[in-house]
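Read left to right, the sequence shown gives residues 0 to 159 (numbering that gives the first Met the number 0).
Where is the CB? At the ideal position from N, CA and C, for every residue including glycine.
As the structure is a prediction and not an experimental result, all values here were calculated from the model.
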Amino acid sequence: MRYLPNVFIAAKNLHYGMDFCPAFWDWLVESNQAGKVFSIEKVKDELEAGDDELAVWVSSQRDGFFLKPDPTVLEAMGAVSEWVNSNEYTPAAKSAFFQVADYWLIAHALAGGFVVVTHEKPADTRNKVKIPNVCVGLGIKVMTPFEMLRHERARFVLER
């Protein structure tokens with residue numbers, strides 16, 4: 000499987016703080032080099048605007064970690080737009096979704112056959128377009144970061 004995680008901010012702020020769990024961040028880099036974990040340019044842009052340790056980490060990643068959109072992604076954006084617009088979201092929810100990286104992330108996943116990794120839970124709400132709802136609607140596999148780590152048999156072991 001190849002993954003597109005959308006968990007960087009929550010990982011830094013909660014479970015995998017860069018100060019106490021550097022193994023998570025090392026695992027992301029190693030998994031990228033193995034061709035399993037990627038992110039997208041739009042996520043990079045949003046994270047670099049944060050002006051914090053995560054922005055520094057993002058800026059230090061090699062070319063190829065953050066994928067650029069290609070013609071297949073641009074084509075997939077049409078399918079994502081069509082799905083969102085054909086559901087009963089409020090105009091404000093649709094507008095907000097189309098302005099953030101989530102829209103691009105889902106299009107990349109659809110175009111490239113990626114699994115989307117997120118903490119977000121599906122919900123029946125008209126007021127926010129939820130990543131898992133769109134993924135399920137478009138037949139994209141979605142999982143939590145914990146499921147991804149278990150599936151990949153990641154192990155973060157304390158040094159002795």
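Using the rule of at least 16 other Cβ atoms within 10 Å of the residue's Cβ for burial, across every protein chain shown, is N12 buried or exposed? Counting from 1 along the sequence shown, the entry for residue 12 is found at position 13. Residue environment analysis places N12 among the exposed positions, since fewer than 16 neighbouring C-beta atoms fall within 10 angstroms of its C-beta.
Looking at the secondary structure, which residues open and close the beta strand (DSSP E) in which L157 lies? In the sequence shown, residue 157 corresponds to position 158, counting from 1. No beta strand (DSSP E) contains L157, which DSSP labels as neither H nor E.
Tell me which same chain residues have a C-beta within less than 7 Å of the C-beta of M142, skipping the five on either side of it? Here residue 142 refers to the residue found at position 143 when the sequence shown is read from its first residue. For M142, the CB contacts under 7 Å within the same chain, skipping 5 residues up- and downstream, are V114 and V116 in chain order.
Can you tell me the Cβ-Cβ gap for P4 and S38, rounded? I've got them flagged as a contact below 8 Å. Along the sequence shown, read from residue 1 onward, the residue named residue 4 stands at position 5. Along the sequence shown, read from residue 1 onward, the residue named residue 38 stands at position 39. With a Cβ gap of about 7 Å, P4 and S38 count as contacting.
With burial defined as no fewer than 16 other Cβ atoms inside 10 Å of the residue's Cβ, what is the status of P70: buried or exposed? Counted from its first residue, the sequence shown places residue 70 at position 71. Looking at its Cβ environment, which holds fewer than 16 other Cβ atoms inside 10 Å, P70 is exposed.
Kindly indicate the opening and closing residues of the alpha helix (DSSP H) around V162. Because the chain is modelled from 0 through 159, residue 162 falls outside the range shown and cannot be assessed.
Same chain only: Cβ atoms within 7 Å of K67, ignoring 5 sequence neighbours per side: The residue labelled residue 67 in the question sits at position 68 within the sequence shown. Excluding positions up to five away in sequence, the list reads E40.
Start-to-end residues for the beta strand (DSSP E) that takes in P131: For this step, residue 131 is matched to residue 132 along the sequence shown. In the DSSP assignment, P131 falls outside any beta strand (DSSP E) and within the unbroken alpha helix (DSSP H) covering I130 to L137.
Is there a Cβ from chain D that is less than 8 Å from the Cβ of G16? Of the chains in the structure shown, none is chain D; there is only one protein chain.
Which class does S38 belong to by DSSP, given the choice of helix, strand or coil? Here residue 38 refers to the residue found at position 39 when the sequence shown is read from its first residue. Reduced to three states, the DSSP call for S38 is strand.
Per DSSP, M142 is paired with what? What you label residue 142 is simply residue 143 of the sequence shown in a count that begins at 1. In DSSP, M142 forms a bridge with V116.
Could you name the residues of the same chain whose beta carbon sits closer than 7 Å to that of A78, not counting the 5 residues immediately before and after it, in chain order? Mapped onto the sequence shown, residue 78 falls at position 79. For A78, where only same-chain residues beyond five positions count, the Cβ hits under 7 Å are L109 and L137.
Short of 6 Å in beta carbon distance, which residues of its chain neighbour L27, apart from the five on each side in sequence? Order them along the chain. The sequence position of residue 27 within the sequence shown is 28, counting from 1. So the list reads V36, once near-sequence residues are dropped.
Unbroken alpha helix (DSSP H) run spanning L109, endpoints: Along the sequence shown, one-based indexing puts residue 109 at 110. Annotation for L109: the continuous alpha helix (DSSP H) segment containing it runs A100 to G111.
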